[in-house]
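Mapping the sequence shown onto this note's numbering, position 300 (from 1) lands on 300, and the numbers just tick up by one.
Where a beta carbon is used, it is the ideal one built from N, C-alpha and C, also for glycine.
Source: prediction; values computed, not measured.
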Amino acid sequence: MLAAQRISSIARLMCFRSTTYSFSSSSSSSSSSSSSSSSSSSTTHFGFTEVPTSEKEHHVKSVFTKVASSYDQMNDAMSAGVHRIWKDDFTALAGLAASSSVIREFNASSTQSQSQSQSQTQSQPQPQSQSNLSLDILDVAGGTGDIAFRFVEQMEMLQHSRTTSLPDCCSVTVCDINPGMLSVGRQRAVEKYGSTLLDSEALKFVEGNAESLPFPDNSFDLYTISFGLRNVTDVPKALRDAYRVLKPGGRFMVLEFSEPVNEQFRAIYDAYSFNVIPKLGEVVAGDRDSYQYLVESIRKFYRQKELEEEVKKAGFTYTKYVNYTNGLVAVHEGWKL
1 MLAAQRISSI ARLMCFRSTT YSFSSSSSSS SSSSSSSSSS SSTTHFGFTE
51 VPTSEKEHHV KSVFTKVASS YDQMNDAMSA GVHRIWKDDF TALAGLAASS
101 SVIREFNASS TQSQSQSQSQ TQSQPQPQSQ SNLSLDILDV AGGTGDIAFR
151 FVEQMEMLQH SRTTSLPDCC SVTVCDINPG MLSVGRQRAV EKYGSTLLDS
201 EALKFVEGNA ESLPFPDNSF DLYTISFGLR NVTDVPKALR DAYRVLKPGG
251 RFMVLEFSEP VNEQFRAIYD AYSFNVIPKL GEVVAGDRDS YQYLVESIRK
301 FYRQKELEEE VKKAGFTYTK YVNYTNGLVA VHEGWKL
C-alpha cells in the first residue's frame, strides 16, 4: 500500500490541469501510430493479448460483468482515489450548471410572453410552443452513473422536479453495453433520487454499443465518455458515431488514462500499476485477471496527440486536450459544427 500512498500524494500535489495543451480548429490527415485496432482488422488487442476482433466485445463485457459490483473500488485502486477529483473537474468543465439555468429561464420567459400575447389578443389558447430549448446529455460507458449523477446534481434536476409538474428541458441519458453496469447505476439512482427522475425519463439508462448508438442523428448537446473509450473495439467508429448523435454545435468530451509526461513519474506509476493494482484486484474483488487487463489496456491505448488526431478525423473541430496529473489522464474535446 506504500506505492498507492506515494502515487496518491504525488498526484494530489501536482497541478491537475497541465499548462501544456494542444488546440486545433482544422482537420488533419496525419496517421496515428497507436496500436488500437479498427474492426476491419482480423485481430485486435485485449490488454497485451491479441484476440480475434469479433471476440473483443465479449471479453470486455465479461470483465465489466465481473467488476460491476466493485467498480468504484476498482477506480479507487487504479488511481489511488484521485479519479474522484478528475471526474469532478471533468464534469465542471462542461459548464452545465450555468447552461441549464439559462435555458430554463429562457423557456420560462418564452412561455410567459406567449401567454401574455394570447391574453392581450383574447385568442383561443394555443398548444405550447415547440421552440423551447433543451439540454440533452449523453454519457457513454457510464453504466454505474458516476458521471451522470454529477451532471444531475450540477443541473439541480431533482430540485427542479419538485418545483414543477412540467417535463424538465434538461435530460441525462446513460448508455452502456453492459447490463450489469446499468443495473448498478439504476439502483444507485433510486437510492440517491428515488424514482422521480427515472419515471419522468429525465434520467435514463439505455443498453447500447458505443460503435452503433441506439439514438437518432443530432440528438444530444453533449457527449461524454469517461474511462471507457479504451475498451471499445473500434475507436474510430465510436468517434464517428459520437459525431453523428450530437446536434450541430454539440460538444464531445472524453476523460481517459493517457501517458504521463514526466519519465520519473511514469516509472513510478508503471511499477504501481503492474505490481500493485492486480494484487489489489485479487484482494478487493477476487479477480486479478480483470484488473491486469485494465492496466494493460491503458498501455495499448492512444497517446494524447494520437487521440486528438482520431477526434479530428471523426469530423470534430476546435479539438484540444488538457493533461491532468502530469498526463496520467487527459481530457479531450471537440465540437460538431
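- DSSP places Phe90 within a helical segment (H, G or I) once states are collapsed to three.
- When Ser171, Ser212 and Gly208 are compared, the shortest CA-CA separation from Thr196 is found for Ser171.
- According to the DSSP assignment, Phe265 belongs to the alpha helix (DSSP H) that extends over Glu263 to Asn275.
- Lys247 sits away from Glu211, with the two beta carbons spaced by 7 Å or more.
- Taking 7 Å as the cut-off, the beta carbon of Val284 is found no closer than this to the beta carbon of Ser99.
- Each residue's CA atom was taken as its position, placing Glu201 and Asp146 some 18 Å apart.
- When C-beta atoms of the region 151-162 are compared with those of the region 84-101, three or more pairs fall below 8 Å, so the two segments count as touching.
- Taking C-alpha positions only, Ala271 is separated from Leu294 by approximately 15 Å.
- When the Cα atoms are used, Leu229 and Val235 turn out to be separated by approximately 7 Å.
- The Cβ-Cβ distance between Leu328 and Pro260 falls below 7 Å.
- In its chain, beyond the 5 residues on either side, Glu259 and Pro260 have a beta carbon closer than 8 Å to the beta carbon of Arg266.
- Beta-bridge annotation (DSSP): Leu138 is paired with Thr173 and Tyr223.
- Phe205 is bridged by DSSP to Val174.
- When beta bridges are read from the DSSP output, Asn218 appears opposite no residue.
- Proximity to Asn178 across Gly208, Asp88 and Lys204 peaks at Gly208, based on C-alpha coordinates.
- With contacts defined by Cβ atoms closer than 7 Å, Phe257 and Ile298 form a contacting pair.
- According to the DSSP assignment, Val254 belongs to the beta strand (DSSP E) that extends over Leu246 to Phe257.
- Per DSSP, Tyr291 has no beta-bridge partner at all.
- Taking Cys175 as the centre and dropping the five residues before and after it, the same chain places the C-beta of Val140, Val206 and Gly208 closer than 6 Å to its C-beta, in chain order.
- Here Ser212 is bridged, per DSSP, to Asn209.
- C-alpha of Asp136 to C-alpha of Asn75: approximately 27 Å in a straight line.
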